[in-house]
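Everything in the sequence shown is counted per UniProt numbering, starting at 1 for the first residue and increasing by one. Working notes, beginning with the structure itself.
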Amino acid sequence: MYIVSIVGFTYFHCTDAVSPFEAGPYFIAAVVFVIGYHFSHRNLAVPIALHMITNLIAF
1 MYIVSIVGFT YFHCTDAVSP FEAGPYFIAA VVFVIGYHFS HRNLAVPIAL
51 HMITNLIAF
C-alpha cells in the first residue's frame, strides 16, 4: 500500500509537469511522508504535518 501512496502522491502533484524530472522532488517527499507514517505507528497526523511544513517552506 505504501507504493500506491507514493505513486499516487507523485502522480497527482505532477499532472501539469512538462518533464519527467519534475516528479523527482514529489517522489522524494512522498517517500519521506510514507516513512514518517510508518515509523509513527501509522499516525496520519505525522505525514499531514510534514506536508504542511513542506508547503510552508515552499511558499
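Backbone N, C-alpha and C define an ideal beta-carbon position, used for all residues, glycine too.
Asked: Reduced DSSP secondary structure (H/G/I, E/B, other) of S40; Found: coil
Asked: Alpha carbon of G36 to alpha carbon of P47, nearest angstrom; Found: 6 Å
Asked: Proximity of I53 and A30 at Cβ, strictly below 8 Å; Found: no
Asked: Spatial neighbours of T10 in its chain, beta-carbon cut-off 7 Å, leaving aside the 5 residues before and after; Found: A23, Y26, F27, A30
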